[in-house]
Amino acid sequence: MDYIRIEGVLILPARVDGSPDVFQCPCFTLVKPSWVPDDNARHCELCSTKFTQLKRRHHCRMCGAVRCGKCCNEKIPLPQLGIEDAERVCDSCRTVTELVTKSRSSIETYLTDSAKGLASFAKHDKHLKKLIELGGMQALITLASTDNSNVLSHVVSGLQSLSTHTVLHRYLADAGAIKAICKILSTVGDSNEQIALDGISSLKTFCSVANLKAKALSDGGMQPVLNLCWSRNDSVVIMSVHTLSQIADNTNTHPAIFDSKMNIVPRLLQLSSCSDEQVQEVALKALAILSTGLPQHKHRIVQENINAENCLLRVLESNPNNPQILCNMACLLANLATNSEDQASLQGMMFVACQKLPSAEANTELLCHLTRALANFAIYKINLSYLINYVVDIIRYGLKSSTVPVQSQSMRLLLSLLVASPARMASLLISEGGTTFFTQLGQLNGLMDAVQTSLANDAPAIAKPL
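For our numbering, add 38 to where a residue sits in the sequence shown, where the first one is 1.
Here it is, written out as structure tokens:
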């Protein structure tokens with residue numbers, strides 16, 4: 039038996055007899071509880087009444103505990119145990135049991151009562167034990183099969199609450215919660231803001247768990263996320279794009295995202311230029327993550343940006359109140375700059391990146407991405423004649439930075455320029471920052487060994503007489 043603990047309370051989750059996926063098999067039957075032996079019960083744990091010949095023992099069919107007649111008087115049909123006749127259920131189990139039983143009804147008022155009650159219990163830690171032990175979690179998931187929006191709003195609210203408990207993630211996923219959430223989002227879309235937010239928030243949770251991300255995708259998690267990225271509700275868009283970033287963190291998902299009929303790249307570019315800076319931030323982050331994959335995907339982003347009238351250039355030229363916008367934009371540019379096919383198309387943004395160096399001095403993350411972008415641009419001959427004009431700024435704001443990653447990216451850039459134009463670079467380095475450059479050059483791990491190895495070809499340590 040696998041117990042779990044939530045807020046210090048020990049809980050034994052209900053087990054389904056057969057497949058645990060109750061979304062696919064909604065007429066589930068729970069494994070019946072083991073009954074506590076009569077001899078082990080001297081008194082009723084609910085009211086402390088001692089058992090005598092007059093105060094008889096009664097077993098609760100749901101939990102198997104021994105109760106007195108007063109505390110185990112109610113009889114309820116138990117289809118969740120495969121029992122259609124009404125059986126004794128103790129006061130401790132009665133409310134959740136009634137709600138789970140009602141979830142099997144075809145009467146909409148019963149379904150609404152069930153969903154509302156179970157969702158309410160899911161929000162309160164003191165009720166979680168009975169909800170989880172008596173099949174309330176499974177009942178919530180099966181209720182997602184209805185098309186009643188009122189029922190669905192309670193279901194997705196309850197599942198969102200349950201998803202906040204890390205220990206329940208695997209149980210929820212195995213029980214079909216992700217499929218249920220995807221079904222609800224596909225049915226309701228963004229016509230109900232709260233349903234959309236609860237649903238997408240739950241999906242984001244599952245997509246952020248490393249060992250559940252693959253299941254979230256195989257259970258259909260990507261399509262509703264892509265759909266809701268087109269919502270007109272900014273709150274829904276922000277949550278959806280956040281979730282898309284979680285999905286895209288695995289580059290294996292990129293082909294499905296780029297090939298989707300939802301035109302997600304044009305949508306993200308559109309969002310990156312909107313007036314809401316929070317939306318801009320999350321859209322640019324998603325694009326930056328999508329730019330970490332294959333060269334053809336980087337090229338696709340560049341081409342879509344051209345179709346969008348170079349909206350990314352306008353973002354880079356801007357001075358937003360939210361500094362993370364420029365950080366995400368610079369990160370995206372640095373990734374795109376690695377693609378040989380797009381160097382000519384990206385030169386306008388490269389020019390702006392050079393001009394941004396002085397103003398980025400106080401923002402370490404931005405400066406790191408800008409110097410990384412310029413170092414990547416410096417790999418290609420087409421950019422060298424322009425980049426060499428900014429050597430002074432690169433030395434001042436990059437090489438002399440107190441941040442090691444910024445220094446290292448600046449060294450990459452300067453070494454590329456030194457190889458391309460040794461005479462001019464030597465003059466600039468001597469006049470502007472020779473000491474710093476050569477000091478850091480000597481400290482680069484393995485560099486001197488590589489230089490010595492290369493020199494040994496023409497200057498061997500051992501030689502014969504001429």
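No residue lacks a Cβ here, since even glycine has one placed at the ideal position from N, Cα and C.
Can you tell me which of the three DSSP states residue i falls into?
i: P115; result: strand
i: K88; result: strand
i: E125; result: strand
i: H162; result: coil
i: V60; result: coil
i: L48; result: strand
i: V54; result: strand
i: I42; result: strand
i: R142; result: coil
i: R94; result: coil
i: L68; result: strand
i: H203; result: coil
i: V247; result: coil
i: R410; result: helix
i: R105; result: strand
Do you know whose CA, among the options, lies nearest residue i's CA?
i: L241; options: N230, S229, G214; result: G214
i: E83; options: L68, F66, G107, L235; result: G107
i: T243; options: D228, G259, L181, E231; result: G259
i: L282; options: E355, V320, I426, R462; result: V320
i: Y209; options: L266, P58, N301, N483; result: P58
i: P293; options: A372, S329, A497; result: S329
i: I285; options: V274, S311, S273, L250; result: L250
i: I295; options: C312, L467, S141, N265; result: N265
i: L370; options: V353, E122, E231; result: V353
i: C101; options: L306, C312, W73, L92; result: W73
i: A372; options: M486, I121, T225, A391; result: A391
i: Q118; options: K88, P64, H162, C85; result: P64
i: L306; options: D297, S313, K299, Q318; result: Q318
i: S459; options: E231, G174, V134, V429; result: V429
i: N230; options: T202, L206, S273, I216; result: S273
i: D55; options: R462, E45, F66, V47; result: F66
i: L405; options: R434, K154, S246, I426; result: R434
i: L479; options: A499, A497, A494, V442; result: V442
i: L452; options: S439, T473, L425; result: L425
i: L325; options: P304, S313, C312; result: P304
Could you pull out every residue in the same chain whose Cβ sits closer than 6 Å to the Cβ of residue i, ignoring the five residues on either side in sequence?
i: E112; result: V127, R132
i: L350; result: N343
i: K253; result: A211
i: C110; result: H96, C98, R126, C128
i: G436; result: T409, V444, S448
i: L223; result: G237, P262
i: L422; result: A458
I think residue i touches residue j, with their Cβ atoms under 8 Å apart; what is that distance to the nearest whole Å?
i: S278; j: I238; result: 5 Å
i: A218; j: F61; result: 5 Å
i: A157; j: V104; result: The Cβ separation is near 31 Å, so there is no contact.
i: S152; j: L181; result: 6 Å
i: E171; j: I49; result: 6 Å
i: L374; j: I339; result: 6 Å
If I measure Cβ to Cβ from residue i and keep anything under 8 Å in the same chain, skipping five residues before and after, which residues do I get?
i: R53; result: L68, V69
i: N78; result: V104
i: S199; result: A157, A160, K161
Here's the rule I'm using: 16 or more other beta-carbon atoms within 10 Å means buried, otherwise exposed. How should residue i be labelled?
i: A248; result: exposed
i: T204; result: exposed
i: K323; result: buried
i: K419; result: exposed
i: P358; result: exposed
i: Y506; result: It is not possible to answer for residue 506, since the shown part of the chain is limited to 39 through 504.
i: N262; result: Here residue 262 is Pro; the residue named in the question, Asn, does not match the sequence. P262 is buried by the Cβ-count criterion.
i: H407; result: buried
i: H280; result: buried
i: L92; result: exposed
i: I468; result: exposed
i: A501; result: exposed
i: S191; result: buried
i: C85; result: exposed
i: F415; result: buried
Suppose the cutoff is 7 Å on Cβ atoms and the five residues either side in sequence are ignored; what does the same chain contact list for residue i look like?
i: N377; result: P333, K336, H337
i: S187; result: V226, N230
i: P396; result: D431, Y435
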